[in-house]
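Residue numbers (full-length UniProt numbering): 1 to 441.
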């Protein structure tokens, strides 16, 4: 065993430095490790743990550093540090495992997280609930439900007692996989589930389109003698679970939460507006209430209101709503919603003007953006605008799909031209696809 180089100050320096500048922490780590190896020594566990913590904070970066860094994200660095520990014969501690699992979680490396847990178990390192919950959470984030529930099962076999965060993560994993029935089973298994667990289950019911069960669960939370009083997250999720079919119940929930002194936020109003599909006056009323409460109308709530305008065919109202949105708040979803409204109204010039203005809003148009604008051209029989729109797609490296080509066909046909210029740009496969599309009932 090599003599250990005292590094109590080093571990502290690495920890402090890692929070500010992970690259500098890696540089210091490499420098100190090289010096220790020159005299036949090694750093102690604390220094390795500190640098792993720095790598975890840098999650998702293309990290690199002398002697350690390789392209490929933070896990590549963490793996290199763990190899150094093996080379230097430094044993892992519980903190080492926790830091490495934190890197996996930040990097989305759920499979590696499971491998680390099994490796630690085989080396007789004592696992705790934080380790197992971290792995379970990583699996849930990656929609790996079988692995998440498998980890929960292994915890029982290893005599590691799950806590509320464990069950919440397991329920969230079920929600991500649209398995609301399994989410109910997990809640039944949990010991003293808290508000986070119930909110996770509400999310599972929302994603599983179970409005009645969501209402029943919310009522259970409201009537519970335990500390389960619904918060703004609970009500927002339940409102989202109502959807457009139960829009009146969504509005009832909005009033109910206010009566219980739970203040709605931007997310709550966005969910309620989204439920009011095609009911422009109701959506506008909700936007007005947001302004009265000094809540900022963001892209989500604005997009939902604009979509309501589409169903009601009120494109002027949609344009007015969009103009009220601050430039910094506009996003692709909101822009595409307005383009869809303009398309339904056959407002080709306005659709193309919005499309041209997207770069100024720092929004990159996608195939849906162009498709809506081209369809607007088709409705208005604006064949020249349609061809120019197709050319703009090539300039912005957006690949046209069959819908785009067919919209150009329609624009040309409605204006009495077949669009030979467009045909030269189309592949035989695109032509065949358009033919199939037009032949379908």
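Built from N, CA and C at the ideal position, the CB exists for glycine as well.
Closer than 7 Å by C-beta to residue 314: which residues in its own chain qualify, once you throw out the five before and the five after it? Chain order, please.
280
If you pair each beta-carbon of the region 266-285 with each one of the region 221-240, do three or more pairs fall below 8 Å?
yes
Helix, strand or coil for residue 214 per DSSP?
helix
Looking at the structure shown, is residue 226 part of a helix, part of a strand, or coil, going by DSSP?
coil
Of the residues 161, 38, 358 and 152, which one's Cα is nearest the Cα of residue 170?
152
Within its chain, find whatever has a CB closer than 6 Å to the CB of residue 380; leave out the 5 residues flanking it on each side and keep chain order.
346 and 348
Where do the N-terminal and C-terminal ends of the alpha helix (DSSP H) with residue 92 fall, by residue?
Careful: residue 92 lies outside any alpha helix (DSSP H) and carries neither H nor E.
Could you check the C-alpha separation between residue 30 and residue 205 for me, to the nearest Å?
49 Å
Quick check: the Cα distance between residue 40 and residue 144, rounded to an integer number of angstroms?
44 Å
Check the C-beta distance from residue 166 over to residue 187 and give it rounded, since I have them as a contact under 8 Å.
Incorrect: roughly 12 Å between the Cβ atoms, too far for contact.
Between residue 243 and residue 193, is the Cβ-Cβ spacing less than 8 Å?
no
In whole angstroms, give me the CA-to-CA distance for residue 178 and residue 44.
45 Å
Are the CB atoms of residue 296 and residue 262 within a distance shorter than 8 Å?
no
Could you say which of 85, 90 and 157 lies nearest to residue 118 if we only look at CA atoms?
157
Which value, in whole angstroms, describes the spacing of the CA atoms of residue 14 and residue 42?
16 Å
Restricting to Cα atoms, I'd like to know which of 253, 415, 285 and 304 is closest to residue 277.
304
If contacts are defined as beta-carbon pairs under 8 Å, then residue 201 and residue 184 qualify, I think. What distance do you get, rounded to the angstrom?
7 Å
Sort 89, 107 and 125 by Cα distance to residue 95 and report the nearest one.
125
Work out the CA separation of residue 302 and residue 325 for me, nearest whole Å.
7 Å
Helix, strand or coil for residue 178, going by three-state DSSP, please let me know.
coil
Let me confirm a value: residue 226 is counted as buried when at least 16 other C-beta atoms fall within 10 Å, else exposed. Which label applies?
exposed
For residue 275, count neighbouring C-beta atoms within 10 Å of its own C-beta (all shown protein chains included) and say buried if the count is 16 or more, exposed if not.
buried
Ignore the nearest five residues each way along the sequence and tell me which others in residue 245's own chain have a CB closer than 8 Å to its CB.
211
Helix, strand or coil for residue 30, going by three-state DSSP, please let me know.
helix
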